Amino acid sequence: MQQKLIITEKLEAVEQMGAAISHEIRNPLTAASGFVQLLKEQALPAQKRIEYLEIVQSELESAERVIQNYLTFSKPSLDSIEEIAVKRELTHVISILKPIANQNSVEFITNFAILGIIEGDKQKFQQCFLNVIKNAIESMPRGGQLYINSIYTNSQIIIEIKDTGSGMTDDQIKRLGEPYYSTKGAKGTGLGMMVVFSIARAMKGTIKVKSKVGEGTTFTFIFPNVYPSSS
Ligand code: ADP
Ligand code: MG
1 MQQKLIITEK
11 LEAVEQMGAA
21 ISHEIRNPLT
31 AASGFVQLLK
41 EQALPAQKRI
51 EYLEIVQSEL
61 ESAERVIQNY
71 LTFSKPSLDS
81 IEEIAVKREL
91 THVISILKPI
101 ANQNSVEFIT
111 NFAILGIIEG
121 DKQKFQQCFL
131 NVIKNAIESM
141 PRGGQLYINS
151 IYTNSQIIIE
161 IKDTGSGMTD
171 DQIKRLGEPY
181 YSTKGAKGTG
191 LGMMVVFSIA
201 RAMKGTIKVK
211 SKVGEGTTFT
221 FIFPNVYPSS
231 S
C-alpha cells in the first residue's frame, strides 16, 4: 500500500524530541551510577561484583546506542541553512554505515543524479538519512539489497531508500514516528523515525512509505529543488 505521511501530524511528538532524547540517555546513566555506588562496598561477594559490572556495562551501552542513533551528527543549537549536495552527503552517510551493512550481508546499490542541491542543515540531513538507512539495514538481518537513488527534476529532488527486508503492516506504517514505537525490543529506542520526520519537515520535505510484509520497504523523500528550471 502507498501512504502519504503528513508530517505536520507528527509535530507535537517531535517537539518533545530534545526532552525525550536526554531522558533516554539519563536513565541508563543514572542506573549505571547507582550500581557503581554499590560496587564500592568492600564486603561485596565476587559473584555480585561481576553481576553489577555487567549491569553497568549494559546500561552504558544503552546510553551509547541512543547517542549513536540520534546525536551522531548534531551540534547543539547550530541550525545553519546551507546548500546540501545530495549525492555527496548520501555517499558520506553510506560510508559510515558500510561496516554495519557488511556485518549483515547487506549490499548497497546506489544511483545518484549528478545534480541536486537542497537547502537545510547538513548535519541534520546526514542524521535523517543515517536513521532511515540504519533501519533499512536492520530490517534485513539475513542480508539483502539496499537501493539508494536520487532523482533530479525541474522542481524537486527525490531520494529513494528501498530495502528487501521484513516490511511493515499498514498499522506499523501508521505508527512510524510515534515516540518510543519500536519492534526491536531492548535493541531499539523508537526515536529514530521521529527525528527523521522532524528533520524532513524542517527542510520542507515530504515522505512517502510503501511497504509489504516479507518483501521490503521503500521510503521516498521529496524536497524542493533549490535551483528550479524556469522553462
Ligand atoms: P528503532 O529503530 O529504535 O526501533 P525507529 O523510530 O527508527 O526506532 O523505527 C521504528 C520502527 O519502525 C522500527 O522498530 C521498525 O519496526 C519500523 N521500521 C522502520 N524502518 C523500517 C524498515 N525499513 N523496514 C521495516 N521496519 C521498519
Ligand atoms: Mg531506528
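Residue numbering for the sequence shown is 1 to 231, as defined by my numbering. Each residue gets a CB set at the ideal place from its N, CA and C atoms; glycine is no exception. If you're wondering where the values come from, they're calculated on a predicted model, not measured in any experiment.
Using the Cβ count rule (16 or more neighbours within 10 Å means buried), how would you classify residue i?
{"i": "residue 228", "result": "exposed"}
{"i": "residue 163", "result": "buried"}
{"i": "residue 75", "result": "Only weak support is given to the placement of residue 75: the predicted model assigns it a pLDDT of 47, under 50, and the value that follows is read from those uncertain coordinates. Classification of residue 75: exposed, given that the 10 Å Cβ count is below 16."}
{"i": "residue 189", "result": "buried"}
{"i": "residue 66", "result": "buried"}
{"i": "residue 214", "result": "exposed"}
{"i": "residue 91", "result": "exposed"}
{"i": "residue 46", "result": "exposed"}
{"i": "residue 127", "result": "buried"}
{"i": "residue 135", "result": "buried"}
{"i": "residue 141", "result": "exposed"}
{"i": "residue 222", "result": "buried"}
{"i": "residue 207", "result": "buried"}
{"i": "residue 109", "result": "exposed"}
{"i": "residue 24", "result": "buried"}
Taking residue i as part of the alpha helix (DSSP H), name the residues at either end of that continuous run.
{"i": "residue 146", "result": "Counting along the chain, residue 146 falls outside any alpha helix (DSSP H), though it belongs to the beta strand (DSSP E) covering 144-152."}
{"i": "residue 91", "result": "86-103"}
{"i": "residue 211", "result": "Per DSSP, residue 211 belongs to no alpha helix (DSSP H); it is in the beta strand (DSSP E), 206-212."}
{"i": "residue 167", "result": "Note, residue 167: premise wrong, no alpha helix (DSSP H); not H, not E."}
{"i": "residue 192", "result": "192-202"}
{"i": "residue 55", "result": "46-66"}
{"i": "residue 126", "result": "122-138"}
On a CA-only basis, which of the options is nearest residue i? Give me that one, please.
{"i": "residue 119", "options": "169, 85 and 93", "result": "85"}
{"i": "residue 28", "options": "126, 103 and 63", "result": "63"}
{"i": "residue 32", "options": "59, 42, 26 and 47", "result": "59"}
{"i": "residue 209", "options": "175, 199, 226 and 225", "result": "175"}
{"i": "residue 35", "options": "222, 142 and 51", "result": "51"}
{"i": "residue 132", "options": "80, 94 and 23", "result": "94"}
{"i": "residue 194", "options": "103, 115, 54 and 130", "result": "130"}
{"i": "residue 225", "options": "21, 54, 154 and 184", "result": "154"}
{"i": "residue 219", "options": "171, 159 and 184", "result": "159"}
{"i": "residue 117", "options": "88, 108 and 107", "result": "88"}
{"i": "residue 204", "options": "25, 157 and 26", "result": "157"}
{"i": "residue 178", "options": "103, 191 and 170", "result": "191"}
Can the beta-carbon of residue i be found less than 8 Å from the beta-carbon of residue j?
{"i": "residue 82", "j": "residue 122", "result": "yes"}
{"i": "residue 101", "j": "residue 146", "result": "yes"}
{"i": "residue 152", "j": "residue 113", "result": "yes"}
{"i": "residue 198", "j": "residue 168", "result": "no"}
{"i": "residue 319", "j": "residue 105", "result": "Residue 319 lies beyond the stretch modelled for the chain, which goes from 1 to 231, so this question has no answer here."}
{"i": "residue 161", "j": "residue 148", "result": "yes"}
{"i": "residue 234", "j": "residue 139", "result": "Because residue 234 is not part of the residues shown, which for the chain are 1 to 231, the question remains open."}
I'd like the span of the beta strand (DSSP E) that includes residue i, first residue to last.
{"i": "residue 114", "result": "Taken as a continuous stretch (DSSP letters only), residue 114 belongs to no beta strand (DSSP E), as it is neither H nor E."}
{"i": "residue 160", "result": "156-163"}
{"i": "residue 81", "result": "Per DSSP, residue 81 belongs to no beta strand (DSSP E) and is neither H nor E."}
{"i": "residue 224", "result": "216-224"}
Got a sec: does the ligand GTP put a non-hydrogen atom nearer than 7 Å to the Cβ of residue i?
{"i": "residue 149", "result": "For the structure depicted, the ligand GTP is absent and the ligand set comprises only the ligand ADP and the ligand MG."}
Quiz: which residues have CB nearer than 5 Å to the ligand MG non-hydrogen atoms: Working through the chain, the matches are 135 and 192.
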